[in-house]
Every structure is written in structure tokens, then in C-alpha cells.
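Numbering (our numbering), first residue to last: 548 to 878.
Okay, structure coming up:
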């Protein structure tokens with residue numbers, strides 16, 4: 548009888564441990580800010596040229612499904628003064644102009660390098676760059692004051708993400724107009740598996756890349772509330788860059804095989820176009836306060852820092868307000 552009781556207890560404990568192990572991944576939610584859908588059939592497939600260097604990717608000629616008509620309208624340049632405190636809809640679509648968006652809006656080319664070394668001068672790397680402007684519902688203005696009217700002057704940060712979805716699914720999601728605020732999301736930039744850089748939101752605009760979030764620096768906790776319906780976040784001073792997740796990472800686990808050499812090279816190249824110091828480069832996992840974000844998983848920060856040190860720094864990508872602030876819009 549005693550033996551049967553011990554055996555029953557052992558079976559019970561083993562079963563309980565099995566349930567715990569199976570349930571563990573459900574504690575985290577690794578999607579960046581939205582559940583990306585499959586590529587829209589009405590998108591236009593754009594085939595890009597072969598990389599200048601061989602890359603470890605599944606296909607040499609990746610295609611991206613874009614909506615080119617969105618690129619025919621550029622967002623109004625500059626920041627706004629203060630978010631409205633009691634509007635009927637705090638997430639009004641971004642104001643657009645009847646001017647096609649160009650690469651010049653995302654980075655100012657041919658800006659002088661900041662004291663490059665001899666090794667950095669000799670380094671040449673030219674990733675492919677394309678523009679897939681996000682729908683105007685999925686990003687907004689940066690503000691000079693928070694909801695209470697307090698001036699905000701946070702220095703820019705870079706937040707690294709991963710997609711947990713294909714590049715095409717992200718393009719499709721960001722280029723769809725979302726009326727529901729809970730579905731409005733964007734990065735500034737996405738780096739595909741082959742190293743292609745895809746620009747979604749200009750750096751003077753606020754991408755919706757992190758919800759309930761804070762950046763902890765030597766100055767203390769940094770966050771700005773811009774929407775009365777949502778908590779403070781880093782979005783007002785963040786530049787969001789996401790890495791396309793490898794095929795074996797399309798799950799809620801904690802790790803995957805990692806990112807391609809081309810992605811790390813393009814990431815270092817892109818970040819070198821900003822003047823954001825290393826101590827203000829962070830991850831979604833670190834700034835997230837919800838406890839649900841763990842991206843980018845399997846990221847090799849040491850490799851990224853090593854590659855970044857090989858590139859000369861400049862300020863082709865000016866994060867924040869770079870033009871005179873327009874007059875306050877009437878609500």
C-alpha cells in the first residue's frame with residue numbers, strides 16, 4: 548500500500564512538472580507591438596538587386612510586397628508643440644503633403660564624417676535601401692511638451708526590436724490604415740535577413756514602437772506621455788530599429804539561431820548614421836514595463852559593438868525636431 552501511494556505521488560509530481568514546463572513560454576509575448584498578418588495580395592512585388600557581397604540568406608533575390616501609392620505622400624516635416632489633452636481621438640492620422648517621399652527624408656546623404664580613423668575611411672559597405680512609408684494612422688508627431696505642458700528635451704535613444712514575422716508581413720501591417728489605436732504600430736526602420744534596410748517612418752516623426760516603457764539613464768527614468776489613454780513611453784525620443792526574425796524564431800521561445808551577418812553589418816552601418824552614443828542604445832526588452840517583451844532574442848551585442856566601431860560616425864539621421872516648429876493645430 549505504501550509503495551502504491553509513493554508511486555501515485557511520483558506520477559502526480561512528474562505530471563505537474565510537465566504542465567509547468569509546457570506553460571513556461573506562454574509567460575512572454577515576443578511580438579514587437581502587433582500581430583503581423585500575411586502579405587496583402589494587392590501589394591506590388593518589388594524585386595531588388597543582388598547584394599554587393601555574398602550573404603548567408605535563403606534566396607539571393609528577395610521580393611518585398613509594397614504599396615507604392617502610399618509613398619506618393621510625404622508627412623509634414625517637423626514636430627508639434629504639445630499633444631491635445633482631451634481630444635475626441637488622440638491618435639489622429641499624421642498630416643501629409645502631396646509630395647512623394649524620398650530617401651532624403653530618412654537620412655541626409657553626403658554629410659561629413661566625424662573624425663574617422665584610417666581604418667574607418669577604408670571601410671565601404673553599401674546596403675540596399677527601400678522606402679515603404681507606414682500608413683498615416685501608424686505614426687505621429689514628436690512633441691516639445693508632454694500632456695501636462697512640461698517641456699521635454701530628452702536626448703535620442705535607439706531601441707532594437709525583432710519582428711517575429713516575415714519582412715513582408717510587417718510591411719503589410721504597417722502600410723494598412725488602422726482605425727483601432729490598439730493596432731497602430733510601427734518601427735522607423737526594418738533590416739531584412741539579407742541586410743536590406745526598409746524605411747517606414749522618418750526620424751523626425753514618432754513611431755509607435757514601444758508602449759508602456761521607460762529608459763533608465765544617468766539622469767534617471769526617462770519617458771514621455773503623449774496620449775491620455777496610454778501610459779508614458781520612450782516613443783517621443785526613440786528611434787526604433789527592428790531585425791527580421793529568422794525562420795526558426797517564429798515562436799514565443801526565448802532564443803533562436805540568431806541574425807545574419809548582413810543584418811549586423813547593416814545595423815552597424817545604419818546606427819553609425821546617427822550621433823546616438825552607445826550608452827543610449829537599448830532593446831525593447833530593457834525599456835518594456837509590461838513584462839511581455841523579450842526582443843531582440845539571441846542578439847549578439849558584442850558583435851554589434853565591434854562592427855559599429857569600424858564605421859565612421861555622422862548625423863545623416865537626425866532624430867527629433869530638425870525644422871522650425873509649426874504653429875499649434877486647432878483641435
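Backbone N, C-alpha and C define an ideal beta-carbon position, used for all residues, glycine too.
CA-to-CA distance, residue j to residue i, given in whole angstroms
{"i": "residue 649", "j": "residue 844", "result": "32 angstroms"}
{"i": "residue 887", "j": "residue 644", "result": "For residue 887 there is no data in the structure shown, the boundaries of the chain being 548 and 878."}
{"i": "residue 785", "j": "residue 739", "result": "20 angstroms"}
{"i": "residue 719", "j": "residue 867", "result": "26 angstroms"}
{"i": "residue 621", "j": "residue 863", "result": "19 angstroms"}
{"i": "residue 635", "j": "residue 673", "result": "45 angstroms"}
{"i": "residue 652", "j": "residue 801", "result": "36 angstroms"}
{"i": "residue 754", "j": "residue 616", "result": "20 angstroms"}
{"i": "residue 625", "j": "residue 741", "result": "32 angstroms"}
{"i": "residue 824", "j": "residue 799", "result": "31 angstroms"}
{"i": "residue 676", "j": "residue 850", "result": "22 angstroms"}
{"i": "residue 837", "j": "residue 782", "result": "15 angstroms"}
{"i": "residue 847", "j": "residue 633", "result": "43 angstroms"}
{"i": "residue 840", "j": "residue 735", "result": "18 angstroms"}
{"i": "residue 609", "j": "residue 713", "result": "12 angstroms"}
{"i": "residue 701", "j": "residue 638", "result": "22 angstroms"}
{"i": "residue 711", "j": "residue 646", "result": "33 angstroms"}
{"i": "residue 855", "j": "residue 821", "result": "11 angstroms"}
{"i": "residue 715", "j": "residue 612", "result": "6 angstroms"}
{"i": "residue 814", "j": "residue 737", "result": "9 angstroms"}
{"i": "residue 865", "j": "residue 812", "result": "20 angstroms"}
{"i": "residue 614", "j": "residue 828", "result": "31 angstroms"}
{"i": "residue 623", "j": "residue 830", "result": "29 angstroms"}
{"i": "residue 592", "j": "residue 774", "result": "Caution is warranted here: a pLDDT of 44 is assigned to residue 592, below 50, making its placement in the model unreliable, and no coordinate value can be reported."}
Per-residue burial, residue i [other beta carbons within 10 Å of its own, 16 or more giving buried]
{"i": "residue 763", "result": "exposed"}
{"i": "residue 750", "result": "buried"}
{"i": "residue 858", "result": "buried"}
{"i": "residue 600", "result": "Confidence is the limiting factor: at residue 600 the pLDDT is only 39, short of 50, which leaves the residue's position unreliable and the question unanswerable from this model."}
{"i": "residue 687", "result": "buried"}
{"i": "residue 709", "result": "buried"}
{"i": "residue 861", "result": "buried"}
{"i": "residue 788", "result": "buried"}
{"i": "residue 658", "result": "exposed"}
{"i": "residue 776", "result": "exposed"}
{"i": "residue 853", "result": "exposed"}
{"i": "residue 619", "result": "exposed"}
{"i": "residue 765", "result": "exposed"}
{"i": "residue 729", "result": "exposed"}
Same chain, Cβ closer than 6 angstroms to residue i, neighbours up to 5 away in sequence not counted
{"i": "residue 796", "result": "803"}
{"i": "residue 684", "result": "640, 724, 725, 731"}
{"i": "residue 587", "result": "At residue 587, the pLDDT of 43 sits below 50, so the modelled position is not reliable and the matter cannot be decided from this model."}
{"i": "residue 627", "result": "688, 690"}
Span of the beta strand (DSSP E), counted from its first residue to its last, around residue i
{"i": "residue 706", "result": "704 to 709"}
{"i": "residue 718", "result": "No beta strand (DSSP E) holds residue 718; the alpha helix (DSSP H) holding it covers 714 to 722."}
{"i": "residue 613", "result": "610 to 613"}
{"i": "residue 762", "result": "762 to 764"}
{"i": "residue 790", "result": "785 to 790"}
{"i": "residue 746", "result": "744 to 746"}
{"i": "residue 687", "result": "686 to 688"}
{"i": "residue 753", "result": "752 to 754"}
{"i": "residue 678", "result": "676 to 678"}
{"i": "residue 517", "result": "Nothing about residue 517 can be reported from this structure: the residues present for the chain run from 548 to 878 only."}
First and last residue of the uninterrupted alpha helix (DSSP H) at residue i
{"i": "residue 658", "result": "It is not in any alpha helix (DSSP H) - residue 658 carries neither H nor E in the DSSP assignment."}
{"i": "residue 832", "result": "831 to 834"}
{"i": "residue 817", "result": "808 to 818"}
{"i": "residue 694", "result": "Element bounds for residue 694: n/a, residue is neither H nor E."}
{"i": "residue 737", "result": "Here residue 737 belongs to no alpha helix (DSSP H); instead the beta strand (DSSP E) covers 736 to 738."}
{"i": "residue 884", "result": "Because the chain here runs from 548 to 878, residue 884 falls outside it and cannot be looked at."}
{"i": "residue 855", "result": "848 to 855"}
Contacting residues, own chain, Cβ-Cβ under 8 angstroms from residue i (five flanking each side not counted)
{"i": "residue 629", "result": "690, 691, 692, 693, 694, 696, 875"}
{"i": "residue 819", "result": "855, 858, 859, 860, 861"}
Cutoff 7 angstroms; reference residue i; Cβ partners in own chain excluding five residues on either side
{"i": "residue 663", "result": "859"}
{"i": "residue 816", "result": "672, 674, 858"}
{"i": "residue 834", "result": "706, 757, 760, 761, 762, 781"}
{"i": "residue 698", "result": "691, 692"}
{"i": "residue 733", "result": "681, 685, 686, 721, 747, 748, 754, 755, 756"}
CB contact check: residue i to chain D, cutoff 8 angstroms
{"i": "residue 807", "result": "No chain D is part of this structure, which consists of one protein chain only."}
Fill in: Stretch pair the segment 786 to 801 + the segment 765 to 773: three plus CB contacts closer than 8 angstroms
No, the segment 786 to 801 is not in contact with the segment 765 to 773.
Fill in: Touch test, the segment 671 to 681 against the segment 740 to 759, Cβ-Cβ under 8 angstroms, three pairs minimum
In the pairwise beta carbon analysis, the segment 671 to 681 is classified as touching the segment 740 to 759: at least three pairs are separated by under 8 angstroms.
Worksheet item: How do the segment 718 to 726 and the segment 807 to 814 stand: do at least 3 beta-carbon pairs fall below 8 angstroms, yes or no?
Response: Because the criterion of three Cβ pairs below 8 angstroms is not met, the segment 718 to 726 and the segment 807 to 814 do not touch.
Discussion item. Does the contact criterion of 3 or more C-beta pairs under 8 angstroms hold for the segment 683 to 695 versus the segment 705 to 713?
Written reply: Segments in contact, no.
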